[in-house]
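Chemist: Below: one structure in structure tokens.
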Amino acid sequence: MPGNEDKADRYRRLLLILVVAMMTHLTALQQRLTDTLISLVSSVDRSARPIMLMTFPS
């Protein structure tokens with residue numbers, strides 16, 4: 467049944483394309499989340515530094 471094999475191959479290729487697209491999307495999302503967390507930590511550090519210096523003077 468070559469017709470069924472062709473259909474199965476097309477289905478497998480479609481699934482592979484969808485998996486690759488999803489992984490690409492997740493990689494981009496991970497990078498955006500990482501950038502957001504780095505920015506947040508930097509912002510908190512800048513805000514907390516004067517408080518830490520007042521609380522624990524050197």
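Under the numbering used here, the first residue of the sequence shown is numbered 467, with each subsequent residue one higher. Cβ coordinates follow ideal geometry from the N, Cα and C atoms, glycine included.
Give the secondary structure of P516 by DSSP, where H, G and I count as helix, E and B as strand, and everything else as coil.
Modeler: Note: P516 maps to helix in three-state DSSP.
Chemist: CA-CA distance, L499 and V486?
Modeler: 20 Å
Chemist: In angstroms with no decimal places, state the Cα-to-Cα distance between Q496 and M488.
Modeler: Their Cα atoms are separated by approximately 12 Å.
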